[in-house]
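For reference, the structure is listed below as structure tokens.
2 protein chains.
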Amino acid sequence: MLERDFPEIRALPLFAEIAPENFEALMRGAYLQTFPPQIELIREGDPSDFLHVVVEGAVELFAAWNGRETVMQLVHPVSTFIVAATIRDAPYLMSARTLERARIVLIPSQDIRAVFAADPAFARAVVAELAQCYRVVVKHTKGLKLRNGLERLANHLLRQRAAAGGAPAFELEVEKRRLSAFLGMTPENLSRAFRSLEPYGVKVDGATVRIADPAELIRLARPSPLIDDSSV
Amino acid sequence: MLERDFPEIRALPLFAEIAPENFEALMRGAYLQTFPPQIELIREGDPSDFLHVVVEGAVELFAAWNGRETVMQLVHPVSTFIVAATIRDAPYLMSARTLERARIVLIPSQDIRAVFAADPAFARAVVAELAQCYRVVVKHTKGLKLRNGLERLANHLLRQRAAAGGAPAFELEVEKRRLSAFLGMTPENLSRAFRSLEPYGVKVDGATVRIADPAELIRLARPSPLIDDSSV
DNA sequence: CGGCATACTTGACTATTATCAAGCTGAGCT
DNA sequence: AGCTCAGCTTGATAATAGTCAAGTATGCCG
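Below you can see the structure in the form of structure tokens.
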């Protein structure tokens, strides 16, 4: 692991407060690796070997059952994934694959568990991270159970718009087929949902979305901070 | 808080390893309270004031949006809920209400956060609890996205059967209307789903379920440890 | 440039799920 | 016992979502 890669990882809330010697111990065992697109990084059911930190690129967490597959989460830099499995030393509940070329730091799970036991500051940070992850999944589940496909898409677009700083046009960041799986619908229905949003001032051209009048879309989407606000 | 109530709380994984003086500090500020059925204990959006421990009875965590309501989790003794909100000092994402008469221990959130900062053993236990909660929600979400209503019910029955020690007959533990909301369907469709399971040897009489031949039901349900196994 | 592969879109159809409106049933009560 | 109410069930219908099949667009590569 090269010296120059430290800062962006060190800056993550998860690692910011660790004692220097413990952080170094983690980095000594860590790999920084670059993966091509479509590489399966972990497979659900496998034992938890590494904590992953996405430094660049994009990763999706997905799950399969009975021949069906769905996207559980989309992971963008800089963030970690599968903290829970690492901490509990339990098998992964989700698989992960790269969506684009991605630079990923792999930290051996046993190192994480060792530092976690020895460094109270790290333990606190892990708790904050886990609590955050928990709340993200709860919000996603609320959206799935309380909204229909059109409403989920409308709110997703409003969230993306906010993440893009409120610009009138922004990019979707992921292929539509993956977005559809993430939103709990088929690609065909995502297509139709986009068309249904046209009367609300939503224009889609490839991966570019333009929202003419947010107020109009908000009236349909009825966003709630307790589902859509990532900072809550 | 009475002395005789300590043991069952002390025995919880979350509290088992705390230093005695810290545990006492928590208990000094705690209330043990008995609530009648149908009492709203917390409301989503409110600030996190207390960590709740269900000692007796049953509680449901639910969420509402745009006039719709759904059940997110069913909580039975002895377990805690809303740890994540307490730790992050963030607003509750879910509401909670008693389903039956329930005895509940309320521990002020600020006490929890104080002991959490001071007691490494407690911090570790909180992490384990949170990681567990996270994995429970992920499994629930996987079920929602990968299975249809009938499959969710079939797997729920197999889980309940396992929880009852594999007995051929067992009780549902909650009203069917709440079970339906938990499984992400309407009461009407739960009714129909139960009838659809008759050919698979499932007989329902009130809240009592009898599974004639588990193998038959398993063939339909296709349970997976990564969705249905509570210990994984 | 043409050819190919892949994502996306569209339409027709099917399946699943929700809604509405009666009925039914059983526990609790007088 | 009979009444009442709430939960449950059932059937008819509507809304929502999935499937299949075909077509279009786009980007990559020789």
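Going down the list, the protein sequences come from chains G and P.
Residue numbers are given in the numbering used here: position 64 of the first sequence equals residue 64, and the series is strictly consecutive.
Residue numbers are given in the numbering used here: position 29 of the second sequence equals residue 29, and the series is strictly consecutive.
C-beta: ideal position from N, C-alpha, C; glycine also.
Predicted model only: the values in this text are computed from it and were never measured.
>> Can you tell me whether H52(G) is helix, strand or coil according to DSSP?
In response: Three-state DSSP puts H52(G) in a strand.
> What residues of chain P sit near M72(G), judged by a beta carbon separation below 8 Å?
Replying inline: Per Cβ cutoff of 8 Å: V138, T141, K142, K145.
> Between A16(G), I87(G), A84(G), I104(G), which lies nearest to P37(G) when the distance is taken from Cα to Cα?
Replying inline: I104(G)
> Taking Cβ-Cβ distances shorter than 8 Å, what residues in chain G pair up with I87(P)?
Replying inline: V127, A128, A131
> How about V174(P) and L41(P): are their beta carbons less than 8 Å apart?
Replying inline: In this structure, V174(P) keeps its C-beta atom at 8 Å or more from the C-beta atom of L41(P).
>> Would you say the beta carbon of M27(P) is closer than 7 Å to some non-hydrogen atom of the ligand PLP?
In response: The ligand PLP is not part of this structure, which contains no ligands at all.
> Does the beta-carbon distance from A123(G) to V127(P) come in below 8 Å?
Replying inline: yes
>> To be precise: take each residue of the segment 35–55 of chain P, compare its Cβ to all Cβ atoms of chain G, and keep it if any distance is under 9 Å. Which residues remain?
In response: Along the segment 35–55 of chain P, going in chain order, the ones with a CB nearer than 9 Å to a CB of chain G are E44, G45.
>> Beta carbons nearer than 8 Å to chain P: which residues of the segment 199–210 of chain G have them?
In response: none
>> Using 8 Å for Cβ pairs, my map puts V17(P) next to A121(P). What's the rounded Cβ distance?
In response: Correcting the residue identity first, residue 17(P) is Glu in this sequence and not Val. Right, their Cβ atoms sit about 4 Å apart.
>> Check whether chain P comes within 8 Å of V232(G), counting only Cβ atoms and requiring the distance to be less than that.
In response: yes
> Since H52(G) contacts L106(G) with CB under 8 Å, what's their CB separation in whole angstroms?
Replying inline: Contact flag correct, Cβ pair sits at about 6 Å.
> Going along chain G in order, which residues have a C-beta closer than 7 Å to the C-beta of S224(P)?
Replying inline: The answer, in chain order, is W65.
> What are the partner residues of A64(P), as DSSP defines its beta bridges?
Replying inline: E69(P)
>> In the DSSP assignment, the alpha helix (DSSP H) including R113(G) goes from what residue to what residue?
In response: 109–118
>> In this structure, how does DSSP classify S224(G) when only helix, strand and coil are distinguished?
In response: coil
>> Within the continuous beta strand (DSSP E) that includes T34(G), where are the two ends?
In response: 31–35
> In angstroms, rounded to a whole number, what distance separates the CA positions of E198(P) and D213(P)?
Replying inline: 11 Å
>> DSSP three-state label for A207(P), please.
In response: coil
>> Check whether chain P comes within 8 Å of G184(G), counting only Cβ atoms and requiring the distance to be less than that.
In response: yes
> Looking only at its own chain, which residues have a Cβ that is under 7 Å from the Cβ of V83(G), when we skip the five neighbours before and after it?
Replying inline: Same-chain partners within the cutoff: L51, V126, E129, L130, C133.
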